[in-house]
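As structure tokens, the structure follows; a few thoughts come after it.
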Amino acid sequence: MLPRSAIETREELAGGASVEEYVLSLLERIRREDPKINSFITICDGPAIEAAKALDRKRREGGKLGPLFGLAVAVKDNICTKGVRTTCGSRMLEGFVPPYDATVIRRLKGADAIVIGKTNMDEFAMGSSTENSYFGPTRNPLDPERVAGGSSGGSAAAVASAFAPLALGSDTGGSVRCPASFCSIVGLKPTYGTVSRYGLISYANSLEQIGPMASNIGDCELLFDVIRGYDPRDNTSLPQKRVEIGEGGLRIGVPKEFFMEGVQEAVEKCVRDFLDKMGSLVEVEEISLPSLAYALPTYYIIAMSEASSNLARYDGIRYGLRGEDGSDWNETYCNNRGMGFGQEVKRRIILGTYALSAGYRNRYYIRAQKIRTLIREDFERAFKEFDLIAGPTMPVLPFRIGEKLDPVEVYMCDIETVPANLAGIPAISVPCGMSQGLPVGLQLMAPPFGEELLFRAGRIVEELA
Amino acid sequence: MGERITLEDLERLCWLSRLRLSQEEKVAFLGQLNKILDYFERIDEVDVEGIPPTHHVIDLTNVLREDEVEEPQPDEVLELAPRRRGRYILAPRIL
Amino acid sequence: MAEVPIRIGLEIHCQLTNLRTKLFCGCPADYRGSPPNTHICPICMGLPGSLPSPNKKAIEDGVAVAIALNSEISKRMTFFRKNYFYPDLPKNFQISQYDGGGGVPLARGGYLHIEGGKRIRIRRIQIEEDPAKLAYEGTIDDSTATLVDNNRAGVALLEIVTEPDMEDPKEARAFLEKLRGILECLGVSNGELEGAMRCDANISLGGGTRVEIKNISSFKEVERALTFEITRQRQLLARDIEVRRETRHWDDVRRITVSLRAKEEEEDYRYFPEPDIVPIEISEDFIEGIRKRLPELPDQRRERYIRQFGLQEHNAELISSDNALSKLFEECVRMGGDPIEVSNWLVGDLISFTRELGMELTDPRVSPSKIVELVKLIRSGSISTKIAKEVLMESLRSDESPEDIVKRRGLLKISDEALLRDVVEEVFTENEKAVREALHDEDVVNFLIGQVMRKTKGKADPNLTYEIVKGSLERIKGGAPDS
Ligand SMILES: [Zn+2]
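Residue numbers (this note's numbering), protein chains in the order written: chain D, 2 to 466; chain W, 66 to 160; chain R, 108 to 590.
What follows is the structure in structure tokens.
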């Protein structure tokens with residue numbers, strides 16, 4: 002079945018349909034269907050129904066109805082929700098109930114949206130398949146034997162399963178776009194600094210942004226307009242700018258580096274065929290961004306370094322999991338952290354510690370930050386000539402659960418998505434076709450603040466697909 | 066494939082990051098981490114001479130807060146601590 | 108064994124106690140006397156998802172200190188993370204600054220003159236957050252648990268690092284006193300508050316290995332710890348034992364320094380730029396704006412005292428480096444006290460008397476009007492200097508004005524010539540032998556004057572007494588008939 006869009010649903014609810022009934026029907030659907038998918042870690046039945054009743058009351062009393070009036074939003078479980086546990090997919094935070102709302106949650110509530118549940122994810126957003134969750138993997142609604150992508154797999158699966166029309170994910174190296182591609186929905190990673198990170202549990206702060214996910218471009222844009230905006234609580238939050246978009250023809254550059262390493266033939270063919278089709282409407286040209294060949298190791302070195310520091314705070318003393326005390330504080334910390342973190346998190350903390358440590362800092366961390374400059378410059382040059390840059394979102398089709406065990410092989414999945422995070426530019430994944438019965442996403446990137454451009458081009462993709 | 070990280074290095078890194086690993090984890094990690102570092106080696110190919118590092122991807126400076134008190138709500142923060150004595154948070158002993 | 112040269116450097120941490128809020132959150136910074144964990148929020152507790160927001164006033168205060176210490180303020184400074192685990196660090200990293208590896212602290216270089224004009228160079232000044240406060244049930248050694256109070260966590264600290272320019276423990280203490288005076292004068296930090304100023308020291312003898320001493324809680328302790336460490340190292344050198352490069356802890360109960368275990372020295376702080384805080388650019392205009400608002404600093408004050416009031420270098424230095432004393436001095440002068448005489452009284456007897464009485468200079472009993480009155484009493488010849496000292500002491504103790512004390516106790520100087528002549532005559536009659544000797548022995552003249560003083564309980568005007576005694580002796584010598 003084709004679910005109604007969020008925009009249509011909002012109109013119905015604002016027009017008088019019961020928000021409470023709508024929410025109850027979604028909760029019923031989740032209860033029935035989600036055990037097969039595992040998209041939620043926590044379902045917010047109580048608060049969601051309360052909020053629905055309050056909104057029905059507000060409408061009856063003639064209050065001003067927000068842009069997301071009554072709409073259910075599935076929220077990734079690394080975004081803090083006051084009074085609702087926020088686990089980050091980790092045993093470490095299994096019982097952590099934040100005493101505050103993230104800025105995006107305040108914005109959602111201010112727009113009359115309802116948080117319907119907290120979605121599954123790779124532990125601390127470290128992964129590309131949502132298999133690294135303490136709460137078990139999320140299955141792909143299109144093929145439950147396969148992964149939903151990650152790390153925002155739960156959010157993507159929830160939208161694809163019509164558990165909620167809208168979802169929030171976070172994207173550090175592709176974590177919104179990857180599951181959007183695998184679950185055949187739309188996912189945006191905004192310009193760095195556009196959406197407040199206050200309340201987003203950090204994995205790699207200099208790279209990540211919260212991003213909207215929806216089944217179509219229009220809904221994605223609707224949600225983005227609500228969550229974007231300056232926030233004094235986030236020091237890296239930018240005063241908002243909008244890039245003027247002309248009515249003229251779009252020029253799209255396609256870097257050949259996007260088809261070089263580890264890209265499955267089926268994916269390449271699907272994307273190239275689609276770009277050919279697009280060629281009738283917009284100008285498409287192959288280009289080269291040489292530094293992209295180094296983007297993946299650069300990304301991982303930076304992300305792991307920042308993560309090793311960000312995750313130091315989880316020692317079990319002020320919040321989170323605390324086991325039996327050892328003979329002294331060092332032992333206690335080692336025990337709590339050894340017990341609370343899963344293997345991928347531990348690997349990244351160890352490597353990040355290594356990359357920052359005396360004697361290796363210049364070779365890894367500093368060098369990676371310098372290459373990051375080269376990558377930014379490559380993009381800046383490209384955007385002087387092209388409005389957008391395009392390529393596949395994922396180098397591979399959704400793979401089977403448990404199929405990829407080797408860390409490097411899993412990291413390779415992010416090869417197309419990490420450049421946008423390194424450069425801080427916006428990027429969107431839009432479904433562009435199927436191959437072997439599995440979805441393929443087209444990735445579009447724009448210069449900073451070029452989200453409107455991405456939506457405009459995304460609509461063209463939607464029509465052609 | 067060289068052994069960039071030895072068992073001794075791994076133990077030192079675990080100490081620096083206060084992580085206890087099981088024996089099996091240590092064995093498995095040693096191979097995996099060295100393989101990852103082999104992959105990272107490719108960044109050595111890039112000539113970064115004279116290139117400044119990018120620490121912040123946005124050109125933003127001087128985002129400062131006025132020195133105005135925001136009344137704290139300490140109790141809901143304090144209650145998160147698994148072990149407390151009175152209003153103190155209990156940490157393990159320091160030798 | 109020949110004396111080997113000593114080099115001492117200091118690393119001082121001062122809380123910016125005049126800020127209303129902590130460095131990165133809106134929690135009240137004034138935590139003293141509050142119940143544990145009442146000044147805490149998601150940010151200073153390092154809760155998942157929280158982000159730091161730097162306090163603008165902290166940067167302004169830091170810049171003011173940098174100007175006062177003649178330091179070069181960075182045009183663009185950055186915050187860095189210093190990564191290490193410890194139960195007093197809520198995030199298990201400290202947001203600090205770093206000089207090197209791309210890090211730029213608030214300021215570099217600078218200097219401060221200590222008494223005697225010696226210049227102590229500053230290496231750098233940086234801003235960072237204070238850790239939480241730990242307490243123990245029982246002692247640190249036998250306690251089974253550590254009690255954490257996070258009220259202090261995140262309070263703004265200024266770290267001031269000097270070059271190893273001090274050559275003895277007294278200079279180290281003088282530097283600290285001078286620095287405290289400046290910070291108080293600027294109104295950024297009240298060094299009187301417990302724990303507001305803390306100090307680590309490093310010391311090397313004869314250009315040898317540098318040893319660091321941590322956990323020094325007061326200025327007095329700095330002097331003690333350094334003196335102990337010098338003795339310890341001298342003894343090692345005398346026995347040809349190498350001084351180890353290490354960090355030692357000052358045990359202020361046993362008054363010795365003890366070696367910290369090797370493991371804690373092996374820390375690798377993995378500094379890197381704080382991704383959650385964007386760089387801070389400090390423009391010339393910003394610096395000028397702060398410079399214009401700065402109060403007169405101790406060194407400027409000293410120059411003015413010399414120039415404007417003709418004070419001696421020594422008095423000017425002593426008074427100007429103490430804010431309370433400067434205030435007192437200027438009050439006295441404003442009330443018409445002679446600057447030089449006032450300064451002599453302040454630097455001399457007032458300081459030692461208040462110390463003897465255990466009084467602060469800010470005590471209301473130490474009022475400028477008393478000093479001015481006293482100086483006027485002396486000037487007008489109403490009392491002698493000797494009596495004045497007695498009066499000052501009593502006035503400080505009882506809070507009675509000097510004039511009242513003089514009146515009540517009848518201490519006015521006897522300047523009545525006729526009265527004094529009678530006393531002299533009495534003394535001459537009682538000491539005939541001495542009078543004869545005095546005709547040719549000046550020492551005996553003084554004896555006679557002393558006798559006059561004794562009879563008048565010190566109130567006789569010394570100059571007048573001398574003249575009368577001398578005149579009488581001359582007359583005896585010349586055989587002139589008594590009038
Ligand atoms: Zn706070």
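Even glycine gets a Cβ: it sits at the ideal position worked out from N, Cα and C.
Remember, predicted model here, so these are calculated numbers, not experimental data.
Query	Result
Bounding residues of the beta strand (DSSP E) (the contiguous stretch that carries R/Leu241)	Lys240 to Tyr243
Below-8 angstroms beta-carbon distance, D/Leu27 vs any chain R residue	no
Interface partners of D/Gly542 on chain R, CB under 7 angstroms	Beyond the ends of chain D as shown, which are 2 and 466, falls residue 542 of chain D; an answer cannot be given.
Proximity below 8 angstroms, CB of D/Val268 to CB of D/Met395	yes
Interface flag, D/Ala165 vs chain W, CB-CB below 8 angstroms	no
Beta carbon proximity, R/Glu395 to chain W, threshold 8 angstroms	no
Classification of D/Gln437 by the beta-carbon crowding that lies within 10 angstroms, buried from 16 upward	exposed
Candidates D/Ala7, D/Tyr365, D/Ala161 and D/Arg108: closest to W/Asp103 by CA position	D/Tyr365
Complete beta strand (DSSP E) runs within the segment 362-427 of chain D (minimum length 3 residues, chain order)	389-393
Buried or exposed by the 16-neighbour rule on C-beta atoms within 10 Å, applied to W/Val92	exposed
Where the alpha helix (DSSP H) containing D/Asp172 begins and where it ends	From DSSP, D/Asp172 is part of no alpha helix (DSSP H) but of the beta strand (DSSP E) over Leu167 to Asp172.
Where W/Pro137 meets chain R, residues with beta-carbon distance less than 7 angstroms	Cys134, His146, Ile147 and Cys148
Through-space distance from R/Ala308 to D/Pro256, alpha-carbon basis	58 angstroms
C-beta atoms of W/Val128 and D/Asn236 nearer than 8 angstroms	yes
Cβ-Cβ distance between D/Arg227 and D/Leu352 below 8 angstroms	Note that residue 227 of chain D corresponds to Val in the displayed sequence, not to Arg. The answer is no: Cβ separation not under 8 angstroms.
Distance CB(R/Gln204)-CB(R/Pro212) smaller than 8 angstroms	yes
Cβ-based burial, D/Ser182 [other Cβ within 10 Å; buried from 16]	buried
Burial state of D/Arg323, where buried means 16 or more other Cβ atoms lie within 10 Å	buried
Under 8 angstroms between C-beta atoms of D/Ile218 and D/Phe450	no
Under the three-state DSSP convention, the category R/Ile234 falls into	strand
Assumed close pair R/Val473, R/Gly444 - CB separation to whole angstroms, cut-off 8 angstroms	So it is not a contact: roughly 14 angstroms between Cβ atoms.
Closest by C-alpha distance to R/Gly209, when choosing among D/Glu22, D/Pro166 and D/Arg362	D/Arg362
Residue from D/Met340, D/Asn336, D/Phe380 and D/Ala296 whose Cα sits closest to the Cα of D/Glu95	D/Met340
Whether D/Tyr101 touches W/Ala146 by CB criterion (8 angstroms)	no
Inter-residue CB distance, R/Arg339 and R/Thr364 (contact presumed, cutoff 8 angstroms)	7 angstroms
Endpoints, beta strand (DSSP E) assigned at R/His421	Taken as a continuous stretch (DSSP letters only), R/His421 belongs to no beta strand (DSSP E), being part of the alpha helix (DSSP H) at Glu420 to Ser427.
Below-8 angstroms beta-carbon distance, W/Leu95 vs any chain D residue	no
R/Asp256 - partner residues in DSSP beta bridges	R/Lys240
Simplified DSSP assignment, three categories, for R/Ala263	strand
Alpha helix (DSSP H) segment containing R/Lys483, residue limits	Pro475 to Arg486
Proximity test, Cβ basis, 8 angstroms: D/Ala15 and chain R	no
W/Arg85 at chain R interface by Cβ criterion, 8 angstroms	no
Cα-Cα separation, R/Gly207 to W/Pro118	14 angstroms
Proximity winner among R/Thr563, R/Val542 and R/Asn258, relative to R/Phe554 (alpha-carbon distances)	R/Val542
Three-state secondary structure (DSSP) of R/Val498	helix
Beta-ladder partner(s) of R/Thr364, from DSSP	R/Trp357
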